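For the sequence shown, this note's numbering gives the first residue as 4, with consecutive numbering after it.
Every residue gets a Cβ at the ideal spot worked out from N, C-alpha and C, and that includes glycine.
Here the structure is a predicted model, which is why all the values come from computation and not from measurement.
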Amino acid sequence: MSEQRVVPVEERIPVVPDTIFLFRSCTGSMEYPGTENAIKEVMKILGINVVMDPDQTCCSGYLL
């Protein structure tokens with residue numbers, strides 16, 4: 004029988020970054036208004052910085 008090692012909790016839980024990039028969704032904001040602001044507020048409470056690019060878009064509709 005092989006010996007099993009007890010793994011400390013710190014090794015099993017992934018490290019949470021200090022900063023995240025909020026990938027804004029063009030349709031998500033219309034379908035679920037307030038989700039981006041809610042994410043920013045929750046991240047602020049958790050002490051995580053949120054970075055956003057005002058020029059970023061996920062919608063390719065403007066290319067048509």
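Closer than 7 Å: residue i CB and nearest the ligand ZN heavy atom
i, result
"Arg8", "In the structure on display, the ligand ZN does not appear, and there are no ligands present to speak of."
7 Å CB neighbourhood of residue i in its chain, flanking five on each side removed
i, result
"Thr60", "Cys29"
Paired residues, beta bridge with residue i - DSSP
i, result
"Val53", "Ile23"
Residues near residue i in its chain [Cβ-Cβ closer than 6 Å; skip 5 each side]
i, result
"Glu13", "none"
"Pro36", "none"
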